[in-house]
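Asks: The structure under discussion is supplied below as structure tokens; questions concerning it will follow.
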Amino acid sequence: MSDPEVTDQLAREHGLSDHEIALIGEILGRRPTFPELGIFSVMWSEHCSYKSSKRYLKNLPTTGACVVQGPGENAGVIDVGDGNVAVFKIESHNHPSYVEPHGGAATGVGGILRDIFTMGARPLASLDSLRFGPLDDPHQRYLVRGVVAGIGDYGNAFGCATVGGEVTFHPRYRKNILVNAMNLGIARRDQIFLAKASGPGNPVIYVGSKTGRDGIHGASLLASSEFDEDTDAKRPTVQLGDPFTEKLLLEACLEAMRTGAIVGIQDMGAAGLTCSSFEMASRSGTGIEMDLDQVPQRESGMTAYELLLSESQERMLLVAEKGREAEIFAVFEKWDLNAAVVGKVTSDGRMRVRWHGQVVVDIPVDPIAANAPVYDRPTKQPADFAERQKLDLEKLPREADPSGALLELLGSANLCSREWVYRQYDQMVGSSTVLRPGGDAAVVRIPETERGLALTTDCNPRWCAADPYLGAQHAVAEAARNVAVTGARPLAVTNCLNFGSPERPECMWEFAEATRGMGDACRAFDIPITGGNVSFYNETSGEGAIPPTPTIGLVGILDEVTRAVPAAFREAGDDVIFLGDTRAELGASEYLAVRHGLERGAPPALDLAAEARLQRLLAEAAERGLVRSAHDCSDGGAAIALAECAIRSGIGIDAALPSAGLRPEVALFAESAARAVLSCAPAHSPALLGLAREHGVPASKIGQTGGTRIRIEPGIDVPLAKAHDVWARTLPEALG
Amino acid sequence: MLVFPGSLDDRDMARSFGLCGADVRMIWHKDARLPEGLDGIGVPGGFSYGDYLRCGAMARFSPVMAAVHEFAASGQPVLGVCNGFQILCEAGLLPGALVRNRALKYVCEDVRVAVEDTGRIRAELPPGRELVMPVKHGEGAYVPDPDHKPRVAFRYVGGSPNGSTDDIAGVTNPAGNVVGLMPHPEHATDPVLGSSDGALLLRSFLAACLATRDAR
């Protein structure tokens, strides 16, 4: 089969703009070959080049005392003491998971795992931030089942504990679900591996699974354009995952790294062999010569174009020290994996690819990898921006049945128990999981040390839709608070920025505002962003875009993991302490959405300094062993937070929330920031309240744990068993 | 500790045995000979060979398994956990089989099991003693061999998480030196992880190893 003739029309079908086609002509001084066209199309795709987002991402804070490696590598790296580093990142696999939920989610997990172990780290913990359309839609239920099973099947068989994440439902995700997978691994600080191809003459070695025809153009066509009616026809662009091979690849890679013969290594993820080789050469200022006939192949008759663009999973590209190839081959042979020398590093800065004895690609590396086109796309504040912030509380009927409201909220899709989901994940492998899923943040022990890491993912899309700047700030603040309630100090952030089409000015404005908010919040808390991923084009013709969803993955540290504080109550007869202030903030709340079917109003105000004071208080209180449980007040407000503490422990509560001058639904269900509820032994109350005063955090004792009812003034009194029942049954009843 | 391709809990089990005082060696599945001076064998959890076929169906053919048969036949202790239990059943070292969970879904949660007849692995496991340990498996429903009533080592308290026949969580071979169970003692050896009951089982196994060595 001969390659098609490269025309402007064919280039356009590859997603390239006329401007980009002209630029290719300038770089090459000729028309590209068909394989070269494929390379340009993936390397300059939104997904691989960040061409629309780059100018905003460069304003984010990326440095700090703990940062060992910021953005630009496969994952971020931070120092976590004792000579250890944490390697972590979050990445989207949204479009594939909508097209094929099981396979899409599974390979999303596989991809992020490779990003971690390619740097020399052993994966320790996974989290998954999932967004779907309404739970009462049968197709969404099919998607939820498929995605959760896919995450479980891959993560469980690979052997990395899934310890947390989030699941939310909103109509605007109906045609564009989000699957954001985060992983964190641990390595020794002096044994980190980078994706570089240095040392001209060094062999380039391909290891792992054979290359097939799956996933061709996953990055360029599936991830870098919006959905339309032909979306189902894109199913073949979704890759197939094999967690067993990935597990072998993990062990083989870590073992090969210990030989000392590896110079650089990178996983073949988006755009496969093309992206990995170009990025490695670009980072080292070198070139690569490759012979595609040496690539292990799963099927016969594959073309150069297909071999270069395949996104077959469980593959790595590495550069070894010349003369030490045999050491690498011995390890991969032990693990029954393919390994083949496919090329060598050169010094001329060019990518030269041979296939069937002919040179089919001969192009300069840097103009394609490092100097891809960058766009400053037009932005425009949506016309209804001011209008959607308006909410007149006076026009809202006063809540007549607080107990009924509590039960309705507890059973609602966004607040009910997530156990149906995480029960399908191995939370234990690695024997490191100290706080399991279901609380605010998960806590894992750093193996062979006394320290622990607290991990969370957060974003309230309703708030980001109302005000992307404030919503993104809240995402950072809530993530930091979720980590802080476990007693950990927030350290660093990875982000997954899910938005609609960058070619629409309103979406680009949302992106600009959200990144600005995220940067401001991270600077205020002094927590750097060490990397992440941008996912544009989350929209389907006719259905509009998703709400802006800048998901924050945050890592915090506990010096003594045995001090980790769980969310659920621990003992009956403990004092319950309320931290922070509740204000008349019901805008864009769960209460409004569930009880009144309303989505409007501004998100709560955010005082970053107050948040920082609360974080410091929580860390010190945990360190001094004053707290038995701590839970942040967020979705559903303080009443839901208290009910969750009770339900998850089986211990009742009798308390009165601060309500002076507040309507009952505000005191109970407002989602004001910088608040938390704690329980402590009564003997510790005075010290805890004193400590709160020292830190400048408003605090009061509001009641006691115990009994078999949930009694929360104003107006709530329900049996604990009933609350547990409505909270626990929603997902199993919907999903089976 | 046997290591198959796809073993996942091998390192955790080795670490836990180590904390209980054992000197642990990892034995690669391609090794046809066992190390000298071995007192007991642990078969860890995981997805051996990916378990794309029936769980444990491939692992039983690994080169190391002939030596494991010989070792067990000589009366020395063997402990299989989760996938290790499945492998021992497939290999015929334990009676019965493990099939897909009744709910057709993987399940990960803490369970309570009661000790019944753990054969020679009994030092700190008096019958009736209850242990809290996690399970995590998709194919953990035990089905006994209709012709051979199993010696039940552990039974789930308050119902099984997987639809096991008679709530059976683990069994012992007729000689009492091979024990297999679905719950994971290696993930329950430290109160900070939720339970340390698993250490009782691991120490009992090591005691059986020492007793067998002394008898030799």
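Chains A and B supply the protein sequences, listed in that same order.
Take 360 as the starting number for the first sequence in my numbering and just add one per residue.
Take 472 as the starting number for the second sequence in my numbering and just add one per residue.
A virtual CB, placed ideally from N, CA and C, is assigned to each residue, including glycine.
Pick from SER631(B), THR643(B), ASP661(B): whose alpha carbon is nearest that of HIS619(B)?
Replies: As a first step, residue 619(B) is located in the second sequence; it is residue number 148 there, counting from the start. With distances taken between Cα atoms, HIS619(B) lies closest to THR643(B).
Asks: Where are the beta strand (DSSP E) runs, 3 residues long or more, that stay fully inside the segment 502–546 of chain A, in chain order?
Replies: For the segment 502–546 of chain A, whole beta strand (DSSP E) runs of length 3 or above, ordered along the chain, are 520–528.
Asks: Helix, strand or coil, according to DSSP, for ALA1087(A) in the structure here?
Replies: On the first sequence, position 728 is the one that residue 1087(A) refers to. Note: ALA1087(A) maps to helix in three-state DSSP.
Asks: Opposite LYS448(A) in the DSSP bridges: which residues?
Replies: Here residue 448(A) refers to the residue found at position 89 when the first sequence is read from its first residue. Answer by DSSP bridge pairing, in chain order: ASN542(A).
Asks: What residue does the alpha helix (DSSP H) around THR366(A) start on, and which one ends it?
Replies: Sequence index remark: in the first sequence, residue 366(A) carries index 7 (1-based). Looking at the DSSP string, THR366(A) is not in any alpha helix (DSSP H), and its letter there is neither H nor E.
Asks: Residues in its own chain within less than 6 Å of ARG674(A) by CB, not counting five upstream and five downstream?
Replies: As a position in the first sequence, residue 674(A) is number 315, starting the count at 1. For ARG674(A), where only same-chain residues beyond five positions count, the Cβ hits under 6 Å are GLY567, SER568, MET627.
Asks: How many angstroms separate the CA atom of THR649(A) from the CA atom of TRP714(A)?
Replies: If you number the first sequence from 1, residue 649(A) lands on position 290. If you number the first sequence from 1, residue 714(A) lands on position 355. Residue identity differs from the one stated: residue 649(A) is Met in this sequence, not Thr. In a straight line, the C-alpha of MET649(A) is about 9 Å away from that of TRP714(A).
Asks: Taking Cβ to Cβ, would you say LEU668(A) is nearer than 8 Å to GLY631(A)?
Replies: Translated into positions along the first sequence, residue 668(A) becomes position 309. Translated into positions along the first sequence, residue 631(A) becomes position 272. Closer than 8 Å, so yes.
Asks: Hey, does ALA516(A) have any beta-carbon neighbour from chain B nearer than 8 Å?
Replies: Here the question's residue 516(A) lines up with position 157 in the first sequence. Yes, ALA516(A) lies at the interface with chain B (some Cβ there is under 8 Å from its Cβ).
Asks: ALA729(A) and SER636(A) look like a contact to me (Cβ under 8 Å); what is the Cβ gap, rounded to whole Å?
Replies: By 1-based counting over the first sequence, the position of residue 729(A) is 370. By 1-based counting over the first sequence, the position of residue 636(A) is 277. With 8 Å as the limit, ALA729(A) and SER636(A) do not qualify as a contact, their Cβ atoms being about 14 Å apart.
Asks: How about PRO806(A) and ILE545(A): do their beta carbons lie closer than 8 Å?
Replies: Here residue 806(A) is taken as the residue at index 447 of the first sequence, counted from 1. Here residue 545(A) is taken as the residue at index 186 of the first sequence, counted from 1. Yes.
Asks: Compute the distance between the beta-carbons of ALA1029(A) and GLU970(A), then report whether it is under 8 Å.
Replies: Locating residue 1029(A) in the first sequence gives position 670, counting from the first residue. Locating residue 970(A) in the first sequence gives position 611, counting from the first residue. Contact flag unset, no.
Asks: When Cβ atoms are compared, which residues of the segment 612–635 of chain B fall closer than 8 Å to chain A?
Replies: Going along the segment 612–635 of chain B in chain order, one finds no residue with a Cβ nearer than 8 Å to chain A.
Asks: Spell out whether any CB of chain A is found under 8 Å from the CB atom of MET685(B).
Replies: Position 214 of the second sequence holds residue 685(B). Sequence inspection shows Asp at residue 685(B); the Met mentioned does not correspond to that position. With 8 Å as the cut-off, ASP685(B) does not count as an interface residue toward chain A.
Asks: Does the segment 953–961 of chain A come close enough to the segment 868–878 of chain A to have 3 or more Cβ pairs within less than 8 Å?
Replies: Result no; under three Cβ-Cβ pairs closer than 8 Å.
Asks: Can you name the residues of chain A whose CB is closer than 7 Å to the CB of GLU580(B)?
Replies: Working through the second sequence from its first residue, we reach residue 580(B) at position 109. By Cβ distance, chain A contributes ARG782.
Asks: Answer with yes or no whether the minimum CB distance from VAL920(A) to chain B is below 8 Å.
Replies: As a first step, residue 920(A) is located in the first sequence; it is residue number 561 there, counting from the start. Cβ-Cβ to chain B under 8 Å: yes for VAL920(A).
Asks: Would you verify that the beta carbon of GLY1149(A) is, or is not, closer than 8 Å to some beta carbon of chain B?
Replies: Outside the displayed span of chain A (360 to 1095) sits residue 1149(A), for which this structure offers no information.
Asks: Are at least three pairs of beta-carbons, each pair with one atom in the segment 1069–1080 of chain A and one in the segment 943–950 of chain A, less than 8 Å apart?
Replies: At 8 Å Cβ cutoff, the stretches do not touch.
Asks: Are GLY518(A) and GLY517(B) touching if we call contact CB-CB under 8 Å?
Replies: The residue given as residue 518(A) occupies position 159 in the first sequence. The residue given as residue 517(B) occupies position 46 in the second sequence. Against a cut-off of 8 Å, the Cβ pair of GLY517(B) and GLY518(A) comes out as a contact.
Asks: Taking any Cβ of chain A, which residues in the segment 495–517 of chain B have a Cβ under 9 Å from it, in chain order?
Replies: Result list: TRP499, LYS501, GLY516, GLY517.
Asks: Report the option in ASP879(A), GLN672(A), ARG875(A), LEU651(A) whose CA atom is closest to the CA atom of ILE575(A).
Replies: As a position in the first sequence, residue 575(A) is number 216, starting the count at 1. Nearest of ASP879(A), GLN672(A), ARG875(A), LEU651(A) to ILE575(A), Cα basis: GLN672(A).
Asks: Take LEU774(A) and list the residues in its own chain whose beta-carbon comes closer than 7 Å to its own, dropping the five residues that flank it on each side.
Replies: On the first sequence, residue 774(A) is found 415 positions in, with the first residue counted as 1. The answer, listed in chain order, is LEU768, GLU949, ASP994, GLY995, ILE999.
Asks: Taking DSSP as the reference, what is the three-state secondary structure of GLU865(A)?
Replies: Numbered from its first residue, the first sequence carries residue 865(A) at position 506. Correct three-state label for GLU865(A): helix.
Asks: Using a Cβ cut-off of 8 Å (strictly closer), state whether GLU657(B) contacts chain A.
Replies: One-based indexing of the second sequence puts residue 657(B) at position 186. Yes - at least one Cβ of chain A is within 8 Å of the one on GLU657(B).
Asks: What does a CB cutoff of less than 6 Å around ARG1007(A) pick up in its chain, not counting 5 residues either side in sequence?
Replies: Here residue 1007(A) corresponds to residue number 648 of the first sequence, with the count starting at 1. Once the five neighbours on either side are set aside, the close Cβ partners of ARG1007(A) are ALA927.
Asks: Chain B beta carbons: is any one of them nearer than 8 Å to that of TRP694(A)?
Replies: Reading the first sequence from its first residue, position 335 is the one you call residue 694(A). Yes, because at least one Cβ of chain B sits closer than 8 Å to the Cβ of TRP694(A).
Asks: In the DSSP assignment, find the beta strand (DSSP E) that holds PRO909(A) and state where it starts and stops.
Replies: On the first sequence, residue 909(A) is found 550 positions in, with the first residue counted as 1. Note, PRO909(A): beta strand (DSSP E), 908–917.
Asks: If you draw a straight line from the C-alpha of ILE624(A) to the C-alpha of LEU396(A), how long is it?
Replies: The residue labelled residue 624(A) in the question sits at position 265 within the first sequence. The residue labelled residue 396(A) in the question sits at position 37 within the first sequence. The straight-line gap from Cα to Cα measures roughly 26 Å.
Asks: Sorted by chain position, which residues of the same chain lie with C-beta nearer than 7 Å to VAL1085(A)'s C-beta, five sequence neighbours on each side aside?
Replies: Position 726 of the first sequence, counted from the start, is the residue given in the question as residue 1085(A). Only LEU766, LEU769, GLY770 meet the Cβ criterion.
Asks: For chain A, check one thing: does any of its Cβ atoms lie closer than 8 Å to the Cβ of PRO476(B)?
Replies: Your numbering for residue 476(B) matches position 5 in the second sequence. So, interface residue.
Asks: Could you compute how far the alpha carbon of ARG757(A) sits from the alpha carbon of LEU1027(A)?
Replies: Here residue 757(A) refers to the residue found at position 398 when the first sequence is read from its first residue. Here residue 1027(A) refers to the residue found at position 668 when the first sequence is read from its first residue. So the two alpha carbons sit approximately 12 Å from each other.
Asks: On the three-state DSSP scale, how would you describe TYR950(A)?
Replies: Within the first sequence, residue 950(A) is the residue found at index 591, counting from 1. Three-state result, TYR950(A): helix.
Asks: According to the Cβ coordinates, are VAL720(A) and PRO394(A) closer than 8 Å?
Replies: For the purposes of this step, residue 720(A) is identified with residue 361 of the first sequence, where counting begins at 1. For the purposes of this step, residue 394(A) is identified with residue 35 of the first sequence, where counting begins at 1. Yes, Cβ-Cβ distance for VAL720(A) and PRO394(A) is below 8 Å.
Asks: If I'm right that LEU677(B) touches ALA530(B) with Cβ under 8 Å, what's the distance once you round it to whole angstroms?
Replies: As a working mapping, residue 677(B) is identified with position 206 in the second sequence. As a working mapping, residue 530(B) is identified with position 59 in the second sequence. Rounded, the Cβ-Cβ distance is 24 Å, inconsistent with contact.
Asks: Could you give the uninterrupted runs of the alpha helix (DSSP H) lying entirely in the segment 513–570 of chain B, keeping only those of 4 residues or more?
Replies: With a minimum length of 4 residues, the continuous alpha helix (DSSP H) runs that stay inside the segment 513–570 of chain B are 536–544, 554–561.
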